[in-house]
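Visitor: Quick one: the structure is below, and I'll ask about it shortly.
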Amino acid sequence: TRGEIYDTSGITLASTSVVWTIWADPSYSTALYTTTTDQDTKAETRTIDEAAMKEVCTQITLRLLSGDGESLDSVDTTSAEYQTQYQAVCDALSQNESSYQVLATKVNNAVKLSIESYVSQFNKAHKRATETSRKGNISVGSEKSFQRNYPYGAFAAAVLGFTDADGIGTYGLEKSYQSTLAGVDGRTITQRNAVGNAIADANATTFAAKDGSNLVLSLDVNVQEIAERYLNEAIAANTVENRGCAIVMDVKTGAILAMASKPDFDPNDPQDFSANLAYLAEQVQAEPELYTIYLRDENDSKKFKLDENGNKIVDPDPDYTGTYRDILWKNKTITELYYPGSVFKVITAAMGLDSGHATLNTTLNCSGAYSVAKQTYHCAGRKSHGAQNLAEALRNSCNIYFIQLGQRVGSSLFYDYFDAFGFTERTGVDLPNETSFMQYYSKSRLGEVELASSAFGQAMAVTPLQVCTAISAAVNGGYLVTPHVVDKITDANGNVIQEIGANVRRQVISQSASEVIRQMMAVSYTHLR
24 TRGEIYDTSG ITLASTSVVW TIWADPSYST ALYTTTTDQD TKAETRTIDE AAMKEVCTQI
84 TLRLLSGDGE SLDSVDTTSA EYQTQYQAVC DALSQNESSY QVLATKVNNA VKLSIESYVS
144 QFNKAHKRAT ETSRKGNISV GSEKSFQRNY PYGAFAAAVL GFTDADGIGT YGLEKSYQST
204 LAGVDGRTIT QRNAVGNAIA DANATTFAAK DGSNLVLSLD VNVQEIAERY LNEAIAANTV
264 ENRGCAIVMD VKTGAILAMA SKPDFDPNDP QDFSANLAYL AEQVQAEPEL YTIYLRDEND
324 SKKFKLDENG NKIVDPDPDY TGTYRDILWK NKTITELYYP GSVFKVITAA MGLDSGHATL
384 NTTLNCSGAY SVAKQTYHCA GRKSHGAQNL AEALRNSCNI YFIQLGQRVG SSLFYDYFDA
444 FGFTERTGVD LPNETSFMQY YSKSRLGEVE LASSAFGQAM AVTPLQVCTA ISAAVNGGYL
504 VTPHVVDKIT DANGNVIQEI GANVRRQVIS QSASEVIRQM MAVSYTHLR
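See below:
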């Protein structure tokens, strides 16, 4: 059995339940047809017994839709759901030349037992031929399988991920911890003869199956719920096109308390995009250069069809299923880049303080405009902040001040700090698909204009999680920690196998510089409130 996933307080976020596939052998279900034999050719012809077929299909369908195998009277036989299921069962049982037909999948144990009981009673009743019934039986069986359940639906979906039809993790934690969660199948090793049959007296070695281990996350369902709720409100209020994301992280340990990308998906049915179809359609239309689908060459799918002018031809009936999937499944916090903008000023301030090029009282002037080479920069709203110290500049989010501070630090040292804060590499978070493609200027290409733009966060594209880990280092005493979602791994009995804990990668700035950053951020927060 696949291991479960819990939040930090033990609330189940992903679990596995036993389900059943109900199948039939129509070729052996002789109660459902009559057989006639041609005397000359000896060929057999099977004819469906409509009355028997109707009875069996009805009884199996009622049980499948009852939910518990008992509440048959509660099933609405006039509903579209009933008609669809009834037809599926009849179509399968009608294949009387076939020895295996699936009647239903993901059936719970109560329904499975009810169907088995009905089949058993039916076969007993038809063992004796009478004037109103003839001999024959129906052959219906079941196969055990497992179903992954996510009780909260579209909650922390990009973090949890999901499993495929075979129960293999294909995204999120389900993928990155696949070997931990999956467990090991049981097996028996024995000698066999040339035709594959086991040799009777040969020694056999049996290895018992081992259940998968469980994940206990640092995620807190309460914090996650609040983060998702306000993120959804922010996306709606700001008419966000390219989704939004939020992260709540313990700055000292790197433990992620909440991580969300919205809109997202329900991992119980990740292929269902209906809840966000309108949003997705708007996004595709808003960025045609990115999402337009073109016709492919029939002879070479790697090539596009071209018109007489050599231009690609737009597909008149595009299928955006793959596009919608790629958009919704992505964990935006680690897979997509953005320009951090003003939050990066915290990092530039940390550079200045740690390098000794600035103190809390370093005063620089903002006249509202500042020229670097042929580029003129302004503050937001073209404000002029005048003379201000570092704390005031951070509170005012003054572009001009931080350009000048970046110049004091210098290109070479600025790049060294940028690298030390983790912006040139993955964070190492225990989630799959973290991008390694960051956009920034190398030390040799960090000229005076590039430095000026970089100093207030407008020249490099990084991930939101990189920014979180860097800000954490700026305020936690100067230590760059590895963010993590899994707090510990336990066995089936709840015993702790492994504790993750904090992983300090390096010290980036001094404790004293970090203390000043904390003071400035607290003052700025109080002022903003």
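Basically our numbering = 1-based index in the sequence shown + 23. Glycine included, each C-beta is placed from N, C-alpha and C at the ideal position.
Using alpha carbons as the reference points, say which of Lys335, Arg529, Lys397, Ala392 lies closest to Gly409.
Guide: Ala392
Visitor: Just confirm the distance between the C-beta atoms of Thr356 and Leu488, as a whole number of angstroms; I'd bet it's less than 8 Å.
Guide: Thr356 to Leu488, Cβ: 5 Å. Contact.
Visitor: With distances taken from CA atoms, which of Gln430, Leu254, Val274, Gln62 is nearest Ala381?
Guide: Taking the Cα of Ala381 as reference, the smallest distance to any Cα among Gln430, Leu254, Val274, Gln62 is reached at Gln430.
Visitor: What is the DSSP secondary structure of Cys402, reduced to helix, strand or coil?
Guide: DSSP places Cys402 in the coil class of the three-state scheme, outside both helix and strand.
Visitor: For the stretch 41–68, which segments carrying the beta strand (DSSP E) assignment without a break, of at least 3 residues, lie completely within its bounds, in sequence order?
Guide: 56–60
Visitor: Which class does Glu154 belong to by DSSP, given the choice of helix, strand or coil?
Guide: In this prediction, Glu154 scores a pLDDT of 48, lower than 50, which makes its location untrustworthy; no coordinate-derived value is stated.
Visitor: Touch check for the stretch 35–53 and the stretch 132–148: three-plus C-beta pairs under 8 Å?
Guide: Here the stretch 35–53 lies against the stretch 132–148, with 3 or more beta-carbon pairs under 8 Å apart.
Visitor: Which residue marks the beginning of the alpha helix (DSSP H) containing Tyr347, and which one marks its end?
Guide: Looking at the DSSP string, the run of the alpha helix (DSSP H) that includes Tyr347 is 344–352.
Visitor: For Gly26, which residues from the same chain have a beta carbon less than 6 Å from its beta carbon, with the 5 sequence-adjacent residues on both sides left out?
Guide: Leu204, Gly235, Ser236, Asn237
Visitor: Could you tell me the distance, in whole angstroms, from the CA atom of Val546 to the CA atom of Val485?
Guide: 27 Å
Visitor: Does DSSP put Gln82 in a helix, in a strand, or in coil?
Guide: Gln82 carries a helical assignment under DSSP once its states are collapsed to helix, strand and coil.
Visitor: How should Lys326 be labelled, buried or exposed, when 16 other C-beta atoms within 10 angstroms of its C-beta is the threshold for buried?
Guide: Burial call: exposed.
Visitor: Across which residues does DSSP place Gln118 in a beta bridge pair?
Guide: Paired residues: none, contrary to the question.
Visitor: Which ranges does the beta strand (DSSP E) cover as unbroken runs of at least 3 residues, wholly within the stretch 134–208, from first to last along the chain?
Guide: 163–172, 192–194, all fully within the stretch 134–208.
Visitor: Considering Cα atoms alone, identify which of Lys147, Gln170, Asn518 is closest to Thr128.
Guide: It is Gln170.
Visitor: How about Lys285 and Asn261: do their beta carbons lie closer than 8 Å?
Guide: Contact: no.
Visitor: With distances taken from CA atoms, which of Asn226, Thr57, Gln306 is nearest Val263?
Guide: The alpha carbon of Val263 has as its nearest neighbour, out of Asn226, Thr57, Gln306, the alpha carbon of Gln306.
Visitor: By Cβ distance, which residues of its chain are closer than 7 Å to Gln559, with the 5 residues on each side in sequence left out?
Guide: Residue 559 falls outside the range modelled here, since the chain spans only 24 to 552, and no answer is possible.
Visitor: Excluding five sequence neighbours on each side, which residues of the same chain lie with their C-beta closer than 7 Å to the C-beta of Leu351?
Guide: Pro286, Asp287, Phe288, Phe296, Asn299
Visitor: Would you check if the stretch 467–475 and the stretch 236–251 touch, i.e. whether three or more CB-CB distances between them fall below 8 Å?
Guide: No, the stretch 236–251 does not touch the stretch 467–475.
Visitor: Assuming Val556 is part of the alpha helix (DSSP H), what are its boundary residues?
Guide: In the structure displayed, the chain extends from 24 to 552; residue 556 sits before or after that span and is not available.
Visitor: What residues in its chain sit with their C-beta under 7 Å from that of Tyr175, if we drop five residues either side in the sequence?
Guide: Leu36
Visitor: How many angstroms separate the CA atom of Thr53 from the CA atom of Ile161?
Guide: 6 Å
Visitor: Relative to the alpha-carbon of Asp320, which residue among Pro311, Val337, Gln308 has its alpha-carbon at the smallest distance?
Guide: Answer by Cα proximity: Val337.
Visitor: Cβ atoms of Val527 and Val553: under 8 Å apart, would you say?
Guide: Absent from the structure is residue 553, since the part of the chain shown begins at 24 and ends at 552.
Visitor: Helix, strand or coil for Phe437, going by three-state DSSP, please let me know.
Guide: helix
Visitor: Check whether the stretch 172–192 touches the stretch 61–75, taking contact to mean three or more Cβ pairs, one atom from each stretch, closer than 8 Å.
Guide: Short answer: they don't touch.
Visitor: According to DSSP, is Val508 part of a helix, a strand, or is it coil?
Guide: coil
Visitor: Put Cys268 into one of helix, strand or coil per three-state DSSP.
Guide: If DSSP states are grouped into helix, strand and coil, Cys268 belongs with the strands.
Visitor: I need the boundaries of the beta strand (DSSP E) containing Val21, first residue and last residue.
Guide: Examination of residue 21 is not possible in this model, given that the chain is present from 24 through 552 alone.
Visitor: Which residue or residues does DSSP assign as beta-bridge partners of Cys389?
Guide: Gly409
Visitor: Roughly how many whole angstroms lie between the Cα atoms of Leu313 and Gly433?
Guide: Each residue's alpha carbon lies about 37 Å from the other.
Visitor: Who are Lys233's beta bridge partners in DSSP?
Guide: Val207
Visitor: At a cut of 8 Å, does the stretch 412–428 reach the stretch 383–397 through at least three beta carbon pairs?
Guide: yes
Visitor: Which same chain residues, not among the five before or five after Ala373, have their C-beta less than 7 Å away from its C-beta?
Guide: Take Ala373, set aside five residues on each side of it, and the residues of its chain with a beta-carbon closer than 7 Å to its own are Ala497, Ile532, Ala536, Ile540, in chain order.
Visitor: Can you grab the Cα-Cα spacing for the pair Thr193 / Val112, in whole Å?
Guide: Going from the Cα of Thr193 to the Cα of Val112 covers about 31 Å.
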